[in-house]
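Okay, structure first, notes after.
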Amino acid sequence: MALQPESGFPQGAVMLSKRASSYGRCGAMAGVIVLLVACGGGGGGGGAGFLPIVAPAQPQPEPPPPVVVTHTVGGTVTGLAGSLVLQNNAGDDLKLTANGKFSFATALTEGSAYEVSVRTQPQWQFCTVSKGSGKAAADVGDVAVACSAAVAQVSTLAGSGTTGSVNGNGTAASFYLPYSVVVDKSGNLLVSDTATNLVRKISPAGDVTTFAGNAAGTSVDGNGLAASFQGLAGLALDATGNAYAAEFTGNRIRKITPAADVSTFAGSGTFSSLDGNGTSATFAYPASTAVDAAGNVYVVELAGAVVRRITPARDVITLAGSGTAGFANGTGAAASFRQAYGIATDVAGNIYVADSGNNRIRKITPGGVVSTLAGTGQTGSADGPGDTATFYQPSGLTVDSEGNVYVADTRNSLLRKITPAGVVSTLAGQPGVLGSQNGIGAAATFKQPYGVTVDAAGNLYVADTFGNLIRKVTPVRAP
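Sequential numbering from 2 applies to the sequence shown in the working numbering.
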């Protein structure tokens, strides 16, 4: 029997009669589902037993996702001499350490705004962005970042220029041959006022007070003004704010806590260069100190012609130097120095020595390998690569976070800078011209400065020794 539409069922339904089973067939029609109520034997019957057969709905395909167009933002940096961090739209930090092309990691969708800015720039450089903002209609590659050297603005932070030990604010205070200066994390300065054997403190507001010491000129432990020093020279600070002072004629290293408690850290007071622990060790005219990140104290000896290391446990060992004045690079005792005055450390644990008698700046690795960073050995004030630059009895040293070394070039009355690559430049002062003139760069003058330190912002502080002043040197844009 043929399949017939049946009234009373939905349009498109197809019925199969049970009578079809009399032909002994069960089956399905292509394209439909056939539901058999009965299959096989029996003879006929009425129209009962029909069920609807419904074709299922076909699934519809998902629409394709919209196409998202993105663009990169980048450009070129020139003149960079250090580490630079750029931002796009106040985020997506990008650190650069070399000149050339750059591109931000995060792409922008079509039409999005971009704004490139400088987050941090090298100390003693200013970096300017041009073509740094707009909307991204295509890949952006024309952002230009140009970096140029800052110039040194010299001012007087404290001191009247006359000798004395008067406390007061700024230029109302007086010093007498300030030799060394250090700065703590809060911006306070400590100054070794050599001729008076006093440690002076200068607050960020410029208030000068006496932190420790008295006029006795002997090596006595105690607190604040009850303590005394003998031939106070170089100072250095550790990470917790303790100061370590070299007693030049006392032949000791003294420790001064932030509470002004003074104790003898190392040295018996005997003039010699013997290793040992604490006061069983001896020194021969220790001139300056430095401290590394691990708390080791380094001492440069003027007469001993050696560099000593004092561990936090107060064990004193000789790191470098033969003990005989001379000039030689090498490891440990194979190296030699001549009348070294200044010492400093960098974040990697390298040590820098102002080898005054050799007119050179020396570098010592943590393993004691000594090399020459800058200076030919001849007296002079020539800038340039390390092997052609000249100095005239350099003394104080300090190192910033990027590895730049700043030098108080004492007999030249100059403030010099040495890059990590050894390139020397003059920041301020006039070669051999003595004075206390404030100003920018060569317009400023010094009177044989011995000490220099740097703060986290890159400002320099100079112990202008024979000017009896503490000077501040700030990086500013070139006029």
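Every residue, glycine too, gets a C-beta built ideally from N, C-alpha and C.
Compare the Cα-Cα distances from residue i to each of the options and report the closest residue.
i, options, result
"Val-69", "Gln-124, Leu-95, Ala-138, Ser-175", "Ala-138"
"Gly-188", "Ser-426, Val-463, Ala-458", "Ala-458"
"Asp-143", "Glu-116, Thr-157, Val-155, Val-424", "Glu-116"
"Gly-376", "Asp-388, Gly-369, Ile-365", "Asp-388"
"Ser-338", "Lys-136, Thr-312, Ile-365, Asn-351", "Correcting the residue type first, residue 338 is Phe in the shown sequence and not Ser. Closest by alpha carbon: Ile-365."
"Val-474", "Val-463, Pro-480, Gly-468, Asn-351", "Val-463"
"Thr-250", "Ala-260, Gly-232, Thr-241", "Gly-232"
"Leu-461", "Ala-479, Arg-412, Gly-397", "Gly-397"
"Ile-311", "Gly-305, Ala-304, Leu-303, Asp-293", "Asp-293"
"Ala-260", "Gln-124, Gly-296, Gly-223, Ser-273", "Gly-223"
"Val-434", "Asn-413, Thr-157, Val-424, Pro-421", "Asn-413"
"Phe-447", "Ala-422, Leu-190, Asp-410", "Asp-410"
"Ile-362", "Ala-151, Thr-399, Gly-333", "Thr-399"
"Val-74", "Gly-92, Thr-319, Pro-66, Gln-61", "Gly-92"
"Thr-219", "Gly-436, Arg-253, Tyr-342", "Arg-253"
"Asp-194", "Pro-480, Ala-479, Arg-478, Gly-468", "Gly-468"
"Ser-323", "Ala-334, Leu-415, Thr-258", "Ala-334"
"Leu-85", "Ile-318, Pro-123, Val-200", "Pro-123"
"Gln-394", "Leu-374, Ser-357, Leu-428", "Ser-357"
"Ala-285", "Ser-274, Phe-105, Thr-427", "Ser-274"
"Val-141", "Ile-352, Thr-129, Gly-112, Ala-173", "Gly-112"
"Leu-415", "Val-78, Phe-392, Glu-403", "Phe-392"
"Val-354", "Gly-343, Thr-210, Asp-347", "Gly-343"
"Gly-436", "Val-130, Ser-156, Asp-262, Val-406", "Ser-156"
Let's test the definition: count the other Cβ atoms within 10 Å of the Cβ of residue i and tell me whether it reaches 16, buried, or not, exposed.
i, result
"Asp-401", "buried"
"Leu-81", "buried"
"Tyr-299", "buried"
"Glu-63", "exposed"
"Ala-345", "buried"
"Thr-241", "exposed"
"Pro-450", "buried"
"Glu-302", "buried"
"Gly-28", "Its pLDDT being 39, under 50, Gly-28 is placed unreliably by the model, and nothing is read from it."
"Gly-48", "With a pLDDT of only 46 at Gly-48, under the threshold of 50, the placement of this residue in the model should not be trusted; the figure read from the coordinates follows. Its Cβ having fewer than 16 others within 10 Å, Gly-48 is exposed."
"Ile-419", "buried"
"Arg-478", "exposed"
"Arg-120", "exposed"
"Ile-203", "buried"
"Pro-476", "buried"
"Pro-480", "exposed"
"Ser-372", "exposed"
Our contact map puts residue i next to residue j with C-beta atoms below 8 angstroms; I'd like the distance itself, whole angstroms only.
i, j, result
"Thr-280", "Ala-267", "7 angstroms"
"Leu-238", "Ala-246", "So it is not a contact: roughly 11 angstroms between Cβ atoms."
"Val-182", "Val-167", "Going by Cβ atoms, the distance from Val-182 to Val-167 rounds to 18 angstroms, so no, they are not a contact pair."
"Val-184", "Asp-456", "5 angstroms"
"Pro-179", "Ile-471", "6 angstroms"
"Gly-160", "Gly-207", "With a Cβ gap of about 10 angstroms, Gly-160 and Gly-207 do not count as contacting."
"Ala-336", "Ala-329", "6 angstroms"
"Phe-127", "Ser-149", "6 angstroms"
"Gly-214", "Ala-196", "Not really, about 12 angstroms apart at Cβ, beyond 8 angstroms."
"Gly-76", "Val-146", "7 angstroms"
"Ala-321", "Gly-369", "5 angstroms"
"Asp-276", "Thr-319", "6 angstroms"
Grouping DSSP H, G and I as helix and E and B as strand, with all else coil, what is residue i?
i, result
"Ala-138", "coil"
"Phe-338", "coil"
"Gly-169", "strand"
"Thr-377", "coil"
"Asn-359", "helix"
"Ser-396", "strand"
"Ser-161", "coil"
"Thr-280", "helix"
"Phe-127", "strand"
"Phe-467", "helix"
"Gly-440", "strand"
"Val-424", "coil"
"Thr-389", "coil"
"Val-117", "strand"
"Gly-133", "coil"
"Lys-473", "strand"
"Ala-409", "strand"
"Thr-454", "strand"
"Leu-415", "strand"
"Val-348", "coil"
"Tyr-177", "coil"
"Lys-448", "coil"
"Gln-431", "coil"
Less than 6 angstroms separating the Cβ of residue i from some heavy atom of the ligand GDP?
i, result
"Pro-179", "Questions concerning the ligand GDP fall outside what the structure shown contains, since it holds no ligand whatsoever."
Query raised in the report: Can you give, in chain order, each stretch of the beta strand (DSSP E) that sits fully within the stretch 193 to 235 and has at least 3 residues?
Result: Here the runs fully enclosed are 199 to 203, 208 to 213.
Report task. Mind listing, in chain order, the continuous beta strand (DSSP E) runs of no fewer than 3 residues lying wholly within the stretch 303 to 333? Result -> 308 to 311, 316 to 321
Requested in this report: Would you mind listing the beta strand (DSSP E) stretches within the stretch 50 to 115 that are 3+ residues and don't spill past its ends, in chain order?
Outcome: 74 to 79, 85 to 89, 92 to 97, 101 to 104
Query raised in the report: Which ranges would you report for the alpha helix (DSSP H) in the stretch 235 to 281 if only whole runs of at least 4 residues count?
Result: none
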